[in-house]
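Residue numbers (this note's numbering), protein chains in the order written: chain C, 580 to 692; chain P, 580 to 692; chain Y, 580 to 692; chain H, 502 to 950; chain A, 502 to 950; chain S, 502 to 950.
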Ligand SMILES: Nc1ncnc2c1ncn2[C@@H]1O[C@H](COP(=O)(O)OP(=O)(O)O)[C@@H](O)[C@H]1O
Ligand SMILES: Nc1ncnc2c1ncn2[C@@H]1O[C@H](COP(=O)(O)OP(=O)(O)O)[C@@H](O)[C@H]1O
Ligand SMILES: Nc1ncnc2c1ncn2[C@@H]1O[C@H](COP(=O)(O)OP(=O)(O)O)[C@@H](O)[C@H]1O
């Protein structure tokens, strides 16, 4: 099993969720984050005092999937999140040795979906 | 060492924290997240316009533990978080090769607790 | 590649980001979290009702790096985040088998930076 | 079906019974009406009362923010909604028949008749029985805002767990069967407590004692929130509660000083005592917090101020500024210890201390009026204990008691009735998810946005 | 260059044309001026109108919060900024020349001349043409607040996508070329709609219909937001919107009851009808929501209340309280169905329903005034349909129509002009990031802090 | 022990010294009292001043939100708390002895005596020395709100780092030893600056210059915040700051127009100039921001508006509307450059620019009054530079200077005293965690909820 972490642009969330659904990947956890990357932020100004403004609002997705779904997941994210501009974000894939569904106590790959 | 990630119902947090304490697992990091799962959300309505409402408020716990504590951790989460309803969430267990305590610079399993 | 997760004191964020920049580590994702640790929180009081107050505001950093940068990353975090007081936090290092840049689709170690 | 009829019969019977008993308290000799100035509209008085009305109107949203900031995020809209629905609902009730019940031609000292429904004869000319220098309509509007905020005060007690449908029905019934008669007794021409000589300048008994005891009953009948008291989060947004308190304080000038129904020295006196009591009570709570909890708290200061405002309400136009300080101080001391030490012992869950602040503070205020009232402030009033008239204290106590008993009993009956009709409380799942989503299909704030 | 000249010429031509056409509607015989009381300042009336002015001033920030709470987090400041800039900009425009255009000495029924610019001759003495008992300056100030809030109402239509520079230019032009003439027609001495006998107590036509139709035009000309309507988040902070609605409601007492320009029975009547209509409309929306969406919503109640306030505006000083209930109920029914069913069919994106509430509600209110107006409330008014004068309905309809046509056409022209000058809409990247950062280099809230 | 006595002695000595020096400025000949109308209460005037009082009361919470929105999340309650405690504390001080010190029977032009403490003789009859048509109590209340907000203004300077205990002591001392005497000098019958002929309609010198210089001293004595200026987050909630600014603007109508103490043409004039100055200043800041920072900002507009309101305060009842525009524009230009370019050079950390806005804006306003004042607006006033009386400019400058020196010196002494008593500043750990938790054991917002 894999644990996929994706950082995307905030306004691409709906699109990515749709693409994931289309590939039957329904289970996702979403977090508000801010990120520093290549993308230059807009420097904010407060009473003429300029703030660095290097941290930009992003969305983090976490999706645990069975190995067979990994490619579909990545494709869905890529197709939904890509705008071609700097700041589109990253996908990180970690190994996931164990997964348990709290409601039933099931574990492993049947618990994941 | 293991890195345990649990997604639980918001109102189960206090209970889970208590159960963890009871098993001498005191160190936890908690995040607000929203999740899409099997649980059907309540569709919100704004001026008669219905919102999908698929993302529900959840709480994410992150707990780094020594291998010997893993089972106790999982048990504590399961017992504290389970209501038997859809939406109770998941526990994901990742391998954690390295851990460092910032204050002392200690690393490995003595740093974790 | 490694996936570094660090939990730090909220007011050390600017310092840590500076130290990371100084070591050419620019890409970071930042999240608001609360943590329970050794640090005793201040018990809040509302109309004479005392709240436990065990969850303290912390900042979580996530940094994906190539192996060669790992040490620099850890050093930067340690030097920026350490105050010597309880509550300084932890660094967790996970293995990161795969990384993809959404904008270009590049993957592996050239995608990470 | 038969069961239903039986129940309704029982309820009506009880209510009549209660009314009868209370009616028995009525003193024999009717008090002659005060001399009344010729009914010419004064623009200054009218301007002041119009404005006071607007200010009191703002108190209901103010209360919404005060209460709304103190609950959990998932219930914030339910509080705002309840306050605003009360504003809409009771305003209509008032115009249609409520005003007539409270202030209309008296029926045996107990209630007004329905001859003023739909504001029949309530027009631009003054009604010298109530206010000789402002249009009758304006007096009616001013009173409307009191009729609105009183039921709204109660909702602090059952916050975070009452069904919205039950809420609406209960509020309408309570306003009609509890507020309207009590207002008539104390303020209506011919009302038995008015004839009895009870002093209530701006509604200590009618508003605060009345709502406070109903709140206690609600808390008892509905039971505690899930997880009370360990797992109830602290106020989700204290700055919003402070905003609410600020609007309440602002509006209270209209509430109390507006109750002079004229822009004169009496209004000035009520304005001063109102402010002084609020300031003293706010500061005192900060001091008590410091002593007992190690730090002065923001929630303490606003709670104290509101307690002071409640306590000065019945006496605002009868006492002096130094007396207002004493009343403010007293309200804080009493409410602080009640909320901090007595309430936890008793174990009921009055979510936002509607009884602890309005009930207790209101009782104190009514009693305190009997202590510090003086004719030197208001010749139309009476002297209190400290000015050589201990009897006034008794009169005040009777008014409080009558209100406590009637409102308490009637509230129980109404709650049981509503419970039987639609059920009072949301189910456990709904309570966990929160009332905003389950009762209103909305969220107060977006999470991902 | 030549192109520019041509365009300007075209615009001016069109405007003149429009004005000419409208002017043709003017009835032949001038109406004699009403008898005017001797111009002595009344302190009571002055106090009331000063206060009403302050209350109406507060409506513009109130609107900012009402609208601001409903947009996405990333655009909240852009809304607040637009409202406050309108407050600053139009206040200055008003003092410099706007007031003179609207209320100054009449030029052929169409517009005022510039002889009162910079408040020349507008001083402490009453101007009996407009208000015989308050300083002329105070009347000017009161009117200023109307001139400020009217353009601000429009911005709900193009929220989250208009360039700030374009916004400023458009507002200044619109206030000068649309609001000022329309205000003159309806309220100015010699204005042709005033002479025509149209009833508009506090600005149903001048303010709401006028702004409403401009809002519709803006929504059409600017086009929909990116991702509309699937990917537009719900209100980011409903409690803030409720705060805004509360301030609007509070301020509306000044708006409507202040329009009596005196603290008398008429002000009292307007106060009552205003409140009753708002309450009825708020409650009705809750009921419709319950029926059609399964739950009463907070957003529904505040939307309904605002719709009710809009609808009662033209009739507040001409109708009775029961009529106000009918008007409030009607406004909710019409606006609810329009917003819920008609608007999605039409497919334009009026972000915050400025047309759906102010336009539709305003038209209903103007018509309703023609139905329920009665001289028994206001002898200076007229009887409506239900009081035996169906002609009034026609007069009202004409006033609405003239406003719709003029404001609609002029708005299109002005928008095109501004588009050509600086471009109306932010680019896609800016819209994605949000207006706060891209137009103002600020964020409403900190994320990490 | 001996050390303590020595210090106290030194302090008292210095204070007396300072007072003596200033007293020397006093002109020899006493000015005859103005003719006073017969002391009959006018309902219109009373309504207006009562209301103005309520509006000014609302400014203190308004300030709390204005300041509170600008600090970091972890300190928001500390700001709200400080404002509300000032409201409670100084209200009590005022009633007990403060009012008597400021307005009571004069002692050698320097201070009032204590014969009016606890409002002795301050009742429902007018005091024609101050206001002949409103109850004396109402005048006292109106003045109380000024006494409350003035110290509150200072707290912007030391936001996010002062101990709460030190804060309370400092505020009480400052109000008594600085505000009360300065108010007496300028407004009290017999006060030496009043006799000197200084114009200060609504408190430019007494309120803004006075608080502004104290703010500067506080910023200097307390030192900068940790991490200033790189690691200080931007405003945590700008919409809340906008709400605060809106309430301030609203309340300022009471502040300035209420200072006419009657509902007449003068109040109307003050109302107009107040609004016009605020609007002009807000707009000008937007323009300067556009020019110098590429975008108009929300924070800029509200900062500018407040600067304009500050600057018009002393002249509101002495200048015309076009002059108000000039004053508003001037205030923005001066404050903008001061805050943007001068302050960073000087390097002190006036957290929320209390000096930059109130101090600088107040000085400008006092001077500007000496330029634009005209007897055509207020015959009880004086002509300024532009109306042929350059001497007035000098008189204004002296009043400003006296205030700057006295308030500055006294503030240093009081701060040192309080530092020695309890310590002024929280420790580093507390500052890092935030004042809400460490000073009040509360959090403004829940994180997990
Ligand atoms: N190595 C990394 N570790 C952690 N977060 C990263 C890393 N690289 C990118 N991110 C996240 O992705 C976001 C987008 O990255 P950025 O460099 O701006 O865009 P792009 O990937 O298109 O070059 C960043 O704001 C950050 O949150
Ligand atoms: N495979 C997954 N990847 C990421 N998050 C998941 C996954 N499965 C569940 N979750 C999280 O757990 C929450 C609960 O899941 P849900 O399917 O509703 O309940 P249950 O596990 O009881 O069937 C989801 O809202 C989501 O946040
Ligand atoms: N084992 C762990 N698992 C998850 N989070 C941890 C763990 N240990 C520490 N943390 C996080 O680090 C924070 C600081 O830990 P604490 O024990 O207070 O300080 P220190 O590490 O200096 O002893 C905690 O609040 C928690 O968020």
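Glycine residues also receive a C-beta, built at the ideal position from the N, C-alpha and C atoms.
Give the DSSP-derived three-state secondary structure of residue 583 of chain A in the structure shown.
-> Note: residue 583 of chain A maps to helix in three-state DSSP.
Relative to the alpha-carbon of residue 754 of chain S, which residue among S:870, S:837, S:775 and S:715 has its alpha-carbon at the smallest distance?
-> Scanning S:870, S:837, S:775 and S:715 for the CA closest to the CA of residue 754 of chain S turns up S:775.
Residue 581 of chain C beta carbon near ligand 2 (any heavy atom closer than 7 Å) = Residue 581 of chain C: no, Cβ never under 7 Å from ligand 2.
Would you check if the distance between the CB atom of residue 873 of chain H and the CB atom of residue 853 of chain H is smaller than 8 Å?
-> Taking 8 Å as the Cβ cut-off, residue 873 of chain H and residue 853 of chain H do not qualify as a contacting pair.
Neighbourhood of residue 840 of chain A by C-beta, 6 Å cutoff - its chain only, sequence neighbours within 5 removed | The residues are 854 and 857.
Around ligand 1, what residues have a beta-carbon under 6 Å from a heavy atom of it, in chain order?
-> Matched residues: C:586, C:614, C:615, C:616, C:617, C:618, C:635, C:637, C:665, C:666, C:667, C:668, C:669, Y:606, Y:607, Y:608, Y:641, Y:642, Y:643, Y:680, Y:682 and Y:691.
Length at least 3, wholly inside the segment 607-674 of chain P: the beta strand (DSSP E) runs in chain order | Fully enclosed beta strand (DSSP E) runs of 3 or longer: 607-615, 635-644 and 669-674.
For residue 677 of chain C, three-class secondary structure by DSSP = In the structure shown, residue 677 of chain C adopts extended strand secondary structure according to DSSP, grouped into three states.
Could you tell me whether any Cβ in chain S is nearer than 8 Å to the Cβ of residue 639 of chain Y?
-> With 8 Å as the cut-off, residue 639 of chain Y does not count as an interface residue toward chain S.
At what residues does the alpha helix (DSSP H) containing residue 583 of chain P begin and finish?
-> Where residue 583 of chain P is concerned, there is no enclosing alpha helix (DSSP H), although the beta strand (DSSP E) around it starts and stops at 581-587.
For the putative contact between residue 779 of chain S and residue 800 of chain S, defined by C-beta atoms under 8 Å, what is the C-beta separation to the nearest angstrom?
-> With a Cβ gap of about 16 Å, residue 779 of chain S and residue 800 of chain S do not count as contacting.
Taking the continuous alpha helix (DSSP H) assigned at residue 553 of chain H, which residues delimit it?
-> Bounds of the alpha helix (DSSP H) holding residue 553 of chain H are 544-571.
Measuring CB to CB, does residue 865 of chain H end up less than 8 Å from residue 896 of chain H?
-> No, these two residues do not count as a Cβ contact at 8 Å.
Identify the residues that DSSP records as bridge partners of residue 576 of chain H: which are they?
-> Residue 576 of chain H pairs with nothing; no bridge assigned.
Rounded to the nearest angstrom, how far is the Cβ of residue 869 of chain S from that of residue 900 of chain S, given a contact under 8 Å?
-> At roughly 13 Å, the Cβ-Cβ gap does not stay under 8 Å, so residue 869 of chain S and residue 900 of chain S are not in contact.
Over the uninterrupted alpha helix (DSSP H) stretch that includes residue 693 of chain H, give me the two end residues.
-> Residue 693 of chain H: member of the alpha helix (DSSP H) spanning 693-697, first to last residue.
Between the Cα of residue 666 of chain A and those of A:777, A:926 and A:944, spot the shortest distance and give me the residue it belongs to.
-> For the residues A:777, A:926 and A:944, the minimum Cα distance to residue 666 of chain A belongs to A:926.
Using the rule of at least 16 other Cβ atoms within 10 Å of the residue's Cβ for burial, across every protein chain shown, is residue 757 of chain H buried or exposed?
-> By the 10 Å Cβ count, residue 757 of chain H comes out buried.
For residue 727 of chain A, count neighbouring C-beta atoms within 10 Å of its own C-beta (all shown protein chains included) and say buried if the count is 16 or more, exposed if not.
-> With fewer than 16 other Cβ atoms within 10 Å, it is exposed.
Using a Cβ cut-off of 8 Å, pull out every chain A residue sitting near residue 622 of chain C, in sequence order please.
-> What residue 622 of chain C touches in chain A, judged by beta-carbon distance under 8 Å, is 942, going in chain order.
Own chain partners of residue 526 of chain S with C-beta closer than 6 Å, once the 5 adjacent residues on each side are dropped = Any answer about residue 526 of chain S is weak, because its pLDDT of 37 lies below 50 and its placement is not dependable; what the coordinates show is given next. Nothing meets the Cβ criterion.
Using a Cβ cut-off of 8 Å, pull out every chain C residue sitting near residue 657 of chain P, in sequence order please.
-> 679, 681 and 684, listed in chain order.
Note the first and the last residue of the continuous alpha helix (DSSP H) segment covering residue 858 of chain H.
-> In this chain, residue 858 of chain H is not harboured by any alpha helix (DSSP H), its DSSP state being neither H nor E.
Between the Cα of residue 879 of chain S and the Cα atoms of S:826, S:734, S:771 and S:806, which residue gives the shortest distance?
-> Comparing Cα-Cα distances from residue 879 of chain S to each of S:826, S:734, S:771 and S:806, the minimum goes to S:771.
My understanding is that residue 545 of chain H touches residue 545 of chain S, with C-beta atoms under 8 Å, so please give their C-beta distance in whole angstroms.
-> About 4 Å separates the beta carbon of residue 545 of chain H from that of residue 545 of chain S, a gap short enough to meet the 8 Å contact definition.
Just how far apart, CA to CA, sit residue 661 of chain H and residue 934 of chain H?
-> Rounded to whole angstroms, the separation of the alpha carbons of residue 934 of chain H and residue 661 of chain H is 11 Å.
So what does residue 686 of chain Y bridge to, in DSSP terms?
-> Per DSSP, Y:679.
Would you say the beta carbon of residue 659 of chain P comes nearer than 7 Å to a heavy atom of ligand 4?
-> The ligand content of the structure shown is limited to ligand 1, ligand 2 and ligand 3, which means ligand 4 is not among them.
Closest Cβ-Cβ distance between residue 670 of chain S and chain H: below 8 Å?
-> False, the Cβ-Cβ gap to chain H never drops below 8 Å.
Taking Cβ positions only, does residue 549 of chain H come closer than 8 Å to chain S?
-> Yes, contact with chain S.
Straight-line Cα distance separating residue 945 of chain A from residue 737 of chain S = One alpha carbon belongs to residue 737 of chain S, the other to residue 945 of chain A, and they sit about 8 Å apart.
Using a C-beta to C-beta distance shorter than 8 Å, which residues of chain P count as neighbours of residue 690 of chain C?
-> Those within 8 Å of residue 690 of chain C in chain P are 669.
When the cut-off is 8 Å and only beta carbons count, does residue 613 of chain C lie next to chain A?
-> With 8 Å as the cut-off, residue 613 of chain C counts as an interface residue toward chain A.
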